[in-house]
Each structure stands twice: as C-alpha cells, then as structure tokens.
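Peer 1: Have a look at this one before I ask anything.
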Amino acid sequence: MLKVLTALMAVLIPATVHAGPVDERGGWQPFKEELVFEAQAVEMDGPLTYWVKPSEGFVNQTAKVMEDMRSPFVIANPFVFKIQLAGLTSGSSSGMLLSEDGFEEEARKASRDELINHDYQFRCYGKYSDLAMPICSAIDDKGESAGVNLVRKGIYMRDKTFESLSSLEEKLMTEAQKTAEAEAIGIWKPFRFMLRGLQ
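Going letter by letter, the sequence shown gives residues -19 to -1, 1 to 180 in mature numbering (1 follows the signal peptide of the UniProt record, and there is no 0).
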C-alpha cells in the first residue's frame, strides 16, 4: 500500500508543481478572429488599462464586439471603451508600487506619455473570463509596439504566461527586457528587483 501511495505522489506532485499560475482575471478566452481596429488612447485607468476611442470606420465593428462581450466598460457618447495591454505584467500582485521611492508615479507618467492622445492600431487577441475587456497590442504608425517600449523603459516586464502575441512582438519584447535588465532601469533597479522577489 505504501509503495502505491509513493508512486501516486510521484505522479501528482510534478503535475502540481508544473501547473500554470492562476490569473486573477480568470481563464483565457481567445477570440475566434482577432479584433483589429484603429483608435486613439484617450485616458489611462490604472496599470495596463486604457480608455480608447475607435476611429469612425471602426465604431460599428468594435461596438458589436463589446456588446457581445456584455462589457460594462463602455461609454456610449462619445463611444469609448476599455482595453488592457497584452503580454505585460508589473511582476507583483500589488501593482507597480514596491517601494517609497516615487516609482509608482514615474511608472504612471511613463504609461500615460506612451499612449495617451496617440493613434494606434489595436490588435486584440481575446479576454479573460472574469474581465470583459479586450486584451490588445498597440502598434503605432511607425510599427512600434507600446508594450515593447514600456518594457524597454523598465516600466513593466514581459508576461511569460501570455502566449498570444505575434512572434515578432514577443521577440522584440524579450530583447527589450534583456536591455532594461542589463541597464538596471525602472523595475530592474537592484533595490526594486530585490523587493519584487520578496513578494
């Protein structure tokens, strides 16, 4: 009997250890087809979350998607809705604030400056079951990813659990993070990184 239990534990323990982390937003639900639209980011609403105003030719398309999602994150007139940037994490369940050195304000300003009042093509991959909000990449008219730029500045790190980014954006984001780490900027400053490890 003991041998049977030992063998069973040997099977179960690795499965538990290797199980992916549970996202507080619920299970990932990819769209059947990616939602692609042009819009301006008009306001920030917390880390990674922005109100966007779609360009005129994309209002009906995006309104239908938000209606199908039964999203509460919509304002009708003018039509704006919330999105979250894809593939990023602060690296801490407590958000951006890890120390009293002003990084929270620094990160908030950098996030606003990167997106607000700028036009992007948003490519949205899906949503989480407990968050009726599209999860999107934001690419500007120069082909630059807002997410990659924020990682490069050390404001966020790449979310390794998110697997829906294009291979190019994922590669660029990985390279951006390596550069930010090497330069020890933003969240990679030694004291902040140490605190993050204690979370």
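The beta carbon of each residue, even a glycine, is placed where N, CA and C say it ideally should be.
Note that the structure is a prediction, hence the values are computed from the model and not measured.
With a Cβ-Cβ cutoff of 8 Å, do D26 and K63 count as a contact?
Peer 2: Residue mapping note: residue 26 aligns to position 45 of the sequence shown, counting from 1. Residue mapping note: residue 63 aligns to position 82 of the sequence shown, counting from 1. Yes. Within cutoff.
Peer 1: What would DSSP say about A161, mapped onto helix, strand or coil?
Peer 2: Taking the first residue of the sequence shown as position 1, residue 161 is located at position 180. Three-state result, A161: helix.
Peer 1: Expressed to the nearest angstrom, what Euclidean distance is found between the alpha-carbon atoms of A119 and N130?
Peer 2: Indexing the sequence shown from 1 puts residue 119 at position 138. Indexing the sequence shown from 1 puts residue 130 at position 149. So the alpha carbons of these two residues sit roughly 11 Å apart.
Peer 1: CB-CB under 7 Å to residue 183, same chain, minus the five flanking residues each way: which ones, in chain order?
Peer 2: A query on residue 183 cannot be resolved here, the shown segment of the chain reaching from -19 to 180 and no further.
Peer 1: Tell me which same chain residues have a C-beta within less than 6 Å of the C-beta of F12, skipping the five on either side of it?
Peer 2: Residue 12 sits at position 31 when you count from the first residue of the sequence shown. So the qualifying residues of the chain are G107.
Peer 1: Counting C-beta neighbours from all protein chains within 10 Å, is the total for K34 16 or more, i.e. buried, or is it exposed?
Peer 2: Along the sequence shown, one-based indexing puts residue 34 at 53. By the neighbour-count rule (16 or more Cβ atoms within 10 Å), K34 is buried.
Peer 1: Could you round the C-beta distance between M138 and I168 to whole angstroms and report it? I think they count as a contact, below 8 Å.
Peer 2: On the sequence shown, position 157 is the one that residue 138 refers to. On the sequence shown, position 187 is the one that residue 168 refers to. Indeed they touch by this definition, with Cβ atoms about 6 Å apart.
Peer 1: Less than 7 Å between C-beta atoms, sequence neighbours within five positions excluded: which residues of the same chain meet that for T160?
Peer 2: Translated into positions along the sequence shown, residue 160 becomes position 179. Around T160: R133.
Peer 1: Return the CA-CA distance between D140 and T70, expressed in angstroms with no decimal places.
Peer 2: Here the question's residue 140 lines up with position 159 in the sequence shown. Here the question's residue 70 lines up with position 89 in the sequence shown. Roughly 5 Å between the two C-alpha positions.
Peer 1: Between the C-alpha atoms of S36 and E164, what's the straight-line distance to the nearest angstrom?
Peer 2: Within the sequence shown, numbered from 1, the residue matching residue 36 stands at position 55. Within the sequence shown, numbered from 1, the residue matching residue 164 stands at position 183. Taking the straight line from one Cα to the other gives about 38 Å.
Peer 1: Counting along the chain, where does the beta strand (DSSP E) carrying A20 start and finish?
Peer 2: In the sequence shown, the residue the question calls residue 20 occupies position 39. That run of the beta strand (DSSP E) goes 9 to 25.
Peer 1: By how many angstroms is the C-alpha of P115 removed from the C-alpha of M47?
Peer 2: Against the sequence shown, residue 47 aligns to sequence position 66. Against the sequence shown, residue 115 aligns to sequence position 134. In a straight line, the C-alpha of M47 is about 8 Å away from that of P115.
Peer 1: Check this for me: beta carbons of R93 and V17, under 8 Å apart or not?
Peer 2: Against the sequence shown, residue 93 aligns to sequence position 112. Against the sequence shown, residue 17 aligns to sequence position 36. No, Cβ-Cβ distance for R93 and V17 is not below 8 Å.
Peer 1: May I ask you to report which of helix, strand or coil DSSP gives R89?
Peer 2: Counting from 1 along the sequence shown, the entry for residue 89 is found at position 108. Helix.
Peer 1: Keeping to the same chain, check which residues put their C-beta closer than 6 Å to that of V40; ignore five residues upstream and five downstream.
Peer 2: Start at 1 with the first residue of the sequence shown, and residue 40 comes out as number 59. The residues are F60.
Peer 1: Give every residue of the same chain whose Cβ lies closer than 8 Å to the Cβ of N58, excluding the five residues on either side of it in the sequence, and list them in chain order.
Peer 2: If you number the sequence shown from 1, residue 58 lands on position 77. Contacts found: none.
Peer 1: Leaving out the 5 sequence neighbours to the left and right, which residues in its chain are closer than 6 Å to G135 when beta-carbon positions are compared?
Peer 2: Mapped onto the sequence shown, residue 135 falls at position 154. The answer, listed in chain order, is A161, I166, G167, I168, W169.
Peer 1: In the structure shown, what three-state DSSP assignment does D49 receive?
Peer 2: As a first step, residue 49 must be located in the sequence shown, where it is residue number 68. The answer is helix: DSSP assigns D49 an H, G or I state.
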